[in-house]
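Novice: Structure in structure tokens, see below.
Protein chains in written order, with the working numbering: chain A, 38 to 484; chain B, 11 to 442.
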């Protein structure tokens with residue numbers, strides 16, 4: 038009887054002994070995580086679930102997540118710098134969640150490994166990821182990452198300011214469609230902004246209030262004038278001088294002709310910029326879908342829905358298309374030993390579960406990455422993603438190219454030179470062409 | 011055997027520190043300046059990738075056509091070699107057995123087709139990982155492959171039965187290698203980039219104005235003014251000027267930012283005069299960086315000059331007063347000649363310091379707007395270590411730093427000549 042009694046507990050004893058001696062494996066995870074994000078939270082939940090799975094499988098391993106995140110102004114460049122240097126020093130994390138444009142740089146240097154070698158992308162939940170998001174995850178014929186979030190970037194406007202310059206209720210309602218059809222252009226933005234200033238609705242320099250810092254958003258203005266960024270045949274970067282000139286001319290006109298943006302706008306602090314757009318001090322501006330969460334949750338702008346209208350980024354001029362940039366973040370796995378890589382891949386797969394992803398999407402005003410989220414009560418009941426997800430149809434993403442950072446900085450410096458009045462748009466285009474020829478040689482096709 | 015004097019042993023720690031933390035970094039910077047090292051090439055080791063670009067380059071190269079065809083052809087083959095690898099793997103035995111019984115001799119042109127065939131097995135591989143093991147064992151192509159070690163690539167060539175001569179192998183490794191290489195291109199880029207000259211001029215202007223107006227000029231004025239004050243007053247004013255230096259740099263610049271922002275104190279005051287609020291830092295970036303740096307820099311000169319003035323024998327000044335010398339004449343004829351050495355020290359030290367330090371500029375204007383306040387050291391930092399999209403160019407950043415080292419050496423030699431350093435080093439005639 039006693040033996041039987043003991044034997045009945047035997048499996049439990051073995052099970053307990055196994056886990057008493059389970060090895061702890063550290064998985065490092067680095068990302069940018071602001072208070073409104075759920076990026077760290079998603080990984081914590083994924084690790085918790087994975088550990089339960091490992092227990093049930095009888096594996097002798099338990100994962101301990103070592104999470105480190107950056108936030109604030111220069112978080113992205115600091116994160117990227119830290120990762121590049123730490124990996125070279127052998128102290129980098131196992132998983133890095135960063136912009137998809139890093140795939141080319143880190144893939145080329147061998148810091149990360151193709152994810153299609155570790156995860157079956159035809160299985161759940163990767164099989165349910167929106168098709169268009171796999172493009173930015175690819176480079177050199179392989180898939181290197183799993184998307185974590187997506188978003189659109191929009192033109193925002195204070196409805197009551199537009200009403201004061203003559204927009205009726207129906208005009209306001211029709212404005213997003215007018216932008217989408219291409220009949221309301223970037224120059225109409227400047228004209229409306231000027232009217233707001235002329236009629237004293239907003240102060241001079243606050244009619245059109247663009248992003249105050251460098252960022253991918255500015256490529257939307259180049260695209261709005263039909264500028265190509267990458268040659269599909271060779272994968273090389275492209276600089277379309279005509280589109281670049283029109284893009285620079287637009288900002289020159291905004292500052293010096295219409296005078297709706299101030300000469301020294303670039304460099305305005307984020308806090309002042311947020312304060313201006315949420316208080317109605319600024320008339321029209323552009324930003325990302327996620328910024329709604331910053332305004333509502335962090336600044337307390339709860340009347341956002343009643344006061345602010347939004348649409349795609351308008352076409353540069355009639356005949357061109359409206360646009361929006363989507364910049365999905367990507368889970369990448371560092372080159373590591375097989376065990377760490379396999380565990381990291383499983384964590385990413387779990388964190389991609391629609392229910393977990395929706396937490397980040399709703400909390401931070403991003404868009405979900407899987408198709409099934411549209412059917413989830415929690416996700417679909419939130420007005421913001423359902424209002425903005427359709428805008429992704431017009432979305433483009435930045436090229437995955439090892440030299441993108443260098444090319445981007447040259448074009449940005451050209452813009453700021455025009456903005457500050459140091460160079461005319463044409464002089465700036467000539468300057469940039471000369472600089473890119475000198476520094477990047479055959480890596481950029483200048484046409 | 012001649013004994014090493016004890017003094018040299020005392021100097022040893024300093025000498026080791028100088029070699030480790032000054033000489034060695036300069037030598038390494040010089041070495042790195044001749045490389046294409048960047049975040050996309052990596053620092054350590056090699057990485058060989060048969061990317062689309064590499065394949066295109068090989069196609070255009072002199073590589074033997076048969077070898078090229080074998081490299082780009084992609085197929086998955088169940089032959090004795092692949093079956094052996096599968097049998098040694100951790101894949102379940104029943105799956106291994108079924109593969110050995112049903113698949114030998116079969117060839118698939120894509121991984122997808124291979125996986126479909128594996129899924130049709132009764133004992134299909136249990137996980138994606140197992141499928142990948144089979145894929146790696148059966149693949150007979152280099153197209154899209156990557157290798158960390160050159161030996162791995164040689165094994166792959168043997169597995170594919172591609173016989174390749176050393177010349178062709180060298181060509182292939184050169185084309186597929188994505189890691190850094192030795193180059194003089196960085197130096198050519200420094201001289202051909204139109205921005206270099208502009209940043210060089212910015213640096214000259216920044217160093218000259220900050221040094222002239224604040225680090226030496228303002229420091230000298232404060233030292234002289236406080237020299238003629240009572241002890242209590244001079245202590246108070248000197249302490250006041252030390253506040254910027256002892257404040258944490260981030261906090262100090264943050265205060266300036268708040269002062270100069272759209273809704274800052276300056277905009278508030280100027281509002282009373284009908285001036286629209288603006289970002290004053292963007293309006294006057296040069297004034298900003300010179301004043302922010304100057305307020306910190308002036309205090310060092312002030313302390314050194316004040317101490318030097320205190321060391322001037324009072325009798326000289328009293329005698330001059332008795333002879334009817336005014337304050338200006340005392341300064342011109344007695345004080346300034348007496349403190350020539352400290353002025354040389356502050357001018358040369360602060361020149362080198364201003365040339366290489368950029369923290370206050372980075373925190374305030376970050377070189378903007380439009381790179382108007384970008385100085386050479388900040389340019390080197392931005393290039394090598396801080397790019398918005400993560401493109402860090404270590405090699406080119408090192409080249410920029412080497413240029414800075416050369417400028418620093420030239421500036422030091424110029425100062426030594428200008429202030430007649432040899433004369434200053436002579437022993438005082440009174441002791442001869």
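Ideal placement from N, C-alpha and C gives every residue a C-beta, glycine not left out.
Determine the chain B residues that contact residue 258/A at a beta-carbon separation under 9 Å, and present them in chain order.
Specialist: Here residue 258/A refers to the residue found at position 221 of the first chain. By Cβ distance, chain B contributes nothing, its closest Cβ being about 17 Å from residue 258/A, past 9 Å.
Novice: Output yes or no for whether 7 Å exceeds the beta carbon distance between residue 112/B and residue 135/B.
Specialist: On the second chain, residue 112/B is found 102 positions in, with the first residue counted as 1. On the second chain, residue 135/B is found 125 positions in, with the first residue counted as 1. Result no, Cβ atoms of residue 112/B and residue 135/B do not sit closer than 7 Å.
Novice: By the three-class DSSP mapping on this structure, what secondary structure does residue 367/A have?
Specialist: Along the first chain, read from residue 1 onward, the residue named residue 367/A stands at position 330. Three-state result, residue 367/A: strand.
Novice: Report the residue from 202/A, 99/A and 188/A whose alpha carbon sits nearest the alpha carbon of residue 434/A.
Specialist: As a first step, residue 434/A must be located in the first chain, where it is residue number 397. Ranking 202/A, 99/A and 188/A by Cα distance to residue 434/A puts 188/A first.
Novice: Can you find the residues in the same chain that come closer than 6 Å, C-beta to C-beta, to residue 150/B, ignoring five residues on each side of it along the sequence?
Specialist: Stepping through the second chain from its first residue, residue 150/B is reached at position 140. Same-chain partners within the cutoff: 85, 87 and 170.
Novice: Taking the CB atoms as reference points, tell me whether residue 453/A and residue 295/B lie closer together than 7 Å.
Specialist: Within the first chain, the letter at position 416 stands for residue 453/A. Within the second chain, the letter at position 285 stands for residue 295/B. Not a contact, by the Cβ cut-off of 7 Å.
Novice: Measuring CA to CA, which of 174/A, 333/A and 162/A is closest to residue 365/A?
Specialist: Position 328 of the first chain, counted from the start, is the residue given in the question as residue 365/A. The shortest C-alpha separation from residue 365/A is found at 174/A.
Novice: State buried or exposed for residue 416/A, treating a residue as buried only when at least 16 other CB atoms are found within 10 Å of its CB.
Specialist: If you number the first chain from 1, residue 416/A lands on position 379. Burial call: buried.
Novice: Mind listing the chain B neighbours of residue 285/A? Cutoff is C-beta to C-beta under 9 Å, in chain order.
Specialist: By one-based count along the first chain, residue 285/A stands at place 248. Within 9 Å Cβ-Cβ: nothing; residue 285/A doesn't reach chain B, min ~12 Å.
Novice: Tell me the DSSP secondary structure of residue 73/A in three-state form.
Specialist: For this step, residue 73/A is matched to residue 36 along the first chain. Coil at residue 73/A, not helix or strand.
Novice: Return no unless some Cβ of chain A is closer than 7 Å to the Cβ of residue 395/B.
Specialist: As a working mapping, residue 395/B is identified with position 385 in the second chain. Yes, residue 395/B lies at the interface with chain A (some Cβ there is under 7 Å from its Cβ).
Novice: Can you tell me which of the three DSSP states residue 239/A falls into?
Specialist: Reading the first chain from its first residue, position 202 is the one you call residue 239/A. Looking at residue 239/A - three-state DSSP - the assignment turns out to be coil, as it is neither helix nor strand.
Novice: Give me the Cα-Cα distance between residue 367/A and residue 216/A, rounded to the nearest whole angstrom.
Specialist: The residue labelled residue 367/A in the question sits at position 330 within the first chain. The residue labelled residue 216/A in the question sits at position 179 within the first chain. The alpha-carbon atoms of residue 367/A and residue 216/A are separated by roughly 30 Å.
Novice: Using a beta-carbon distance below 7 Å, is residue 388/A in contact with chain B?
Specialist: Taking the first residue of the first chain as position 1, residue 388/A is located at position 351. No, because no Cβ of chain B sits closer than 7 Å to the Cβ of residue 388/A.
Novice: For the segment 356-374 of chain A, which residues have a beta carbon sitting closer than 7 Å to at least one beta carbon of chain B?
Specialist: Listed by position, the residues of the segment 356-374 of chain A near chain B (Cβ gap below 7 Å) amount to none.
Novice: In chain B, which residues lie less than 7 Å from residue 147/A when you measure between Cβ atoms?
Specialist: Along the first chain, read from residue 1 onward, the residue named residue 147/A stands at position 110. 52, 57 and 158, listed in chain order.
Novice: By the three-class DSSP mapping on this structure, what secondary structure does residue 38/A have?
Specialist: On the first chain, position 1 is the one that residue 38/A refers to. Note that residue 38/A scores a pLDDT of 49, beneath 50, so its modelled location is shaky and nothing firm can be said.
Novice: Tell me where the beta strand (DSSP E) around residue 171/A begins and ends.
Specialist: Sequence index remark: in the first chain, residue 171/A carries index 134 (1-based). Element bounds for residue 171/A: n/a, residue is neither H nor E.
Novice: Use the C-beta contact count for residue 177/B: other C-beta atoms within 10 angstroms, 16 or more gives buried, fewer gives exposed.
Specialist: For this step, residue 177/B is matched to residue 167 along the second chain. Counting Cβ neighbours within 10 Å, residue 177/B comes out exposed, since fewer than 16 surround it.
Novice: Count the CB pairs spanning the segment 271-284 of chain B and the segment 312-331 of chain B that are closer than 8 Å, and state whether there are at least three.
Specialist: Not touching, per the Cβ criterion.
Novice: Could you give the residue range of the beta strand (DSSP E) that holds residue 184/A?
Specialist: Taking the first chain and counting its residues from 1, the one referred to as residue 184/A is at position 147. Taken as a continuous stretch (DSSP letters only), the beta strand (DSSP E) holding residue 184/A covers 183-186.
Novice: Pull out every residue of the segment 168-199 of chain A whose Cβ sits closer than 7 Å to any Cβ of chain B, in chain order.
Specialist: The residues in question are 177, 178 and 179.
Novice: Are residue 93/A and residue 66/A close, meaning C-beta to C-beta below 7 Å?
Specialist: Residue numbering aside, residue 93/A sits at position 56 when the first chain is read from its first letter. Residue numbering aside, residue 66/A sits at position 29 when the first chain is read from its first letter. No.
Novice: Alpha carbon to alpha carbon, what distance is there between residue 248/A and residue 407/B?
Specialist: Taking the first residue of the second chain as position 1, residue 407/B is located at position 397. Taking the first residue of the first chain as position 1, residue 248/A is located at position 211. Near 29 Å, if we compare the C-alpha coordinates of residue 248/A and residue 407/B.
Novice: Along the chain, where does the alpha helix (DSSP H) that runs through residue 442/A open and close?
Specialist: The residue given as residue 442/A occupies position 405 in the first chain. 441-456 is the extent of the alpha helix (DSSP H) around residue 442/A.
Novice: Excluding the 5 residues preceding and the 5 following residue 157/B in the sequence, name in chain order all residues of the same chain whose CB lies nearer than 6 Å to its CB.
Specialist: In the second chain, the residue the question calls residue 157/B occupies position 147. Counting only Cβ-Cβ distances below 6 Å, and skipping sequence neighbours, we find 58 and 163.
Novice: CB residue 46/B to CB residue 190/B, shorter than 7 Å?
Specialist: Numbered from its first residue, the second chain carries residue 46/B at position 36. Numbered from its first residue, the second chain carries residue 190/B at position 180. Yes, the pair counts as a contact, with Cβ atoms nearer than the cut-off.
Novice: On the three-state DSSP scale, how would you describe residue 323/A?
Specialist: Along the first chain, one-based indexing puts residue 323/A at 286. Reduced to three states, the DSSP call for residue 323/A is strand.
Novice: In the DSSP assignment, find the beta strand (DSSP E) that holds residue 346/A and state where it starts and stops.
Specialist: The residue labelled residue 346/A in the question sits at position 309 within the first chain. Element bounds for residue 346/A: 345-348.
Novice: Grouping DSSP H, G and I as helix and E and B as strand, with all else coil, what is residue 481/A?
Specialist: The residue labelled residue 481/A in the question sits at position 444 within the first chain. Looking at residue 481/A - three-state DSSP - the assignment turns out to be strand.
Novice: Report yes if the C-beta distance between residue 382/A and residue 158/A is below 7 Å; otherwise report no.
Specialist: Within the first chain, the letter at position 345 stands for residue 382/A. Within the first chain, the letter at position 121 stands for residue 158/A. Not closer than 7 Å, so no.
Novice: Could you confirm whether any beta carbon from chain B is found closer than 7 Å to the beta carbon of residue 114/A?
Specialist: The residue labelled residue 114/A in the question sits at position 77 within the first chain. It does; some Cβ of chain B falls within 7 Å.
Novice: Please report how far the alpha carbon of residue 316/A lies from the alpha carbon of residue 198/A, in whole angstroms.
Specialist: Counting from 1 along the first chain, the entry for residue 316/A is found at position 279. Counting from 1 along the first chain, the entry for residue 198/A is found at position 161. Taking the straight line from one Cα to the other gives about 12 Å.
Novice: Roughly how many whole angstroms lie between the Cα atoms of residue 234/B and residue 359/B?
Specialist: Mapped onto the second chain, residue 234/B falls at position 224. Mapped onto the second chain, residue 359/B falls at position 349. About 21 Å.
Novice: Between which residues of its own chain and residue 191/A is the CB-CB distance below 8 Å, once the five residues before and five after are set aside?
Specialist: By one-based count along the first chain, residue 191/A stands at place 154. Excluding residues within five positions, the ones whose Cβ falls inside 8 Å are 323, 324, 325, 326, 347, 348, 349, 350, 361, 425 and 428.
Novice: Give a yes or no on whether 7 Å exceeds the smallest Cβ distance from residue 97/B to chain A.
Specialist: In the second chain, the residue the question calls residue 97/B occupies position 87. False, the Cβ-Cβ gap to chain A never drops below 7 Å.
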